[in-house]
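Numbering (the numbering used here), first residue to last: -1 to 141.
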């Protein structure tokens, strides 16, 4: 597949599956044995679908913005920002009603026009601070 085709596939996956909450489309975009490193999820679509369901319940109004996307060969890198209001439990944390803005970077490996593997890095510390689960650092005005 061409680099532009790979980027278009990743863009549609991010926008439709995560941004619009259309988890039922995962089979269109993901390879059967997909593995997303850095997520703690077991390989395969079943755990990803569970995670997407949890995300939809926790942040039903979420918005996904693609900030950057670059590609070379069979890799596509996407830098995104996810925003939303915490209205449902996530990872054992009950709804706080607080809004979050979480930057994420993922490197995708493409195979046969599908996402076959990914390496995921998100600013979870900042998200936990925004939710009030972890205190934000206090910055002294004295240096």
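Glycine included, C-beta positions come from ideal geometry on N, C-alpha and C.
Check	Outcome
6 angstroms CB neighbourhood of residue 106 in its chain, flanking five on each side removed	8, 74, 113, 116
Residue interval of the beta strand (DSSP E) (run including residue 50)	First-last for residue 50: 43 to 56, but that is the alpha helix (DSSP H), not the beta strand (DSSP E).
Secondary structure of residue 80, DSSP reduced to three states	strand
Residue nearest to residue 56 in terms of C-alpha spacing, selected from 88, 3, 80, 26	88
DSSP-derived helix/strand/coil call for residue 87	coil
Residue range of the unbroken alpha helix (DSSP H) whose run includes residue 3	1 to 11
Inter-residue Cα distance where the pair is residue 64 and residue 42	24 angstroms
Beta-carbon separation (whole angstroms), residue 61 vs residue 98, contact threshold 8 angstroms	11 angstroms between Cβ atoms; not a contact.
The beta strand (DSSP E) enclosing residue 138, as first and last residue numbers	Here residue 138 belongs to no beta strand (DSSP E), and DSSP marks it neither H nor E.
Inter-residue Cα distance where the pair is residue 11 and residue 77	14 angstroms
Residue of 96, 27, -1 minimising C-alpha distance to residue 86	96
Status (buried if at least 16 other CB within 10 Å, exposed otherwise) for residue 4	buried
Residues near residue 108 by beta carbon distance below 6 angstroms, same chain, minus five either side	4, 72
Beta-carbon spacing of residue 21, residue 50 below 7 angstroms	yes
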